[in-house]
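Q:
Right, dumping it as structure tokens:
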């Protein structure tokens, strides 16, 4: 995606660590938005499948297919909760931000050499 191309380039072109932090924050925000859209699209898919079922099939078949789709949706939701409980703790999340000042900026280097 565009974020995967923009983020590393923004981090490498920057003058100091602030650009790296900005690129990491932007990529983390884009990841959260993409995940929300994915989950929303998944629910929309199941919803539209259920609606099409009621339009195309008679009542007995529509009820059966709706039951099957809702069962799969419930199983998907349940499994995501199991995975979330197993891997996500109540502790605050760690980010990809760099701690400290890994590289001195060119301005700081120039100030230290003047005589």
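Residue numbers (this note's numbering): 212 to 326.
Where is the CB? At the ideal position from N, CA and C, for every residue including glycine.
(1) Can you look up residue 285 in the DSSP assignment and give me helix, strand or coil?
(2) Is the region 248-265 close to the region 274-291, with three or more CB pairs under 8 angstroms?
(3) Alpha carbon to alpha carbon, how far is residue 269 from residue 298? Give it in angstroms, no decimals.
(4) Using three-state DSSP, classify residue 276 as helix, strand or coil.
A: In this structure, then:
(1) Here residue 285 corresponds to residue number 74 of the chain shown, with the count starting at 1. In this structure, residue 285 counts as helix in the three-state DSSP scheme.
(2) yes
(3) Within the chain shown, the letter at position 87 stands for residue 298. Within the chain shown, the letter at position 58 stands for residue 269. The straight-line gap from Cα to Cα measures roughly 43 angstroms.
(4) Position 65 of the chain shown, counted from the first residue, corresponds to residue 276. If DSSP states are grouped into helix, strand and coil, residue 276 belongs with the helices.
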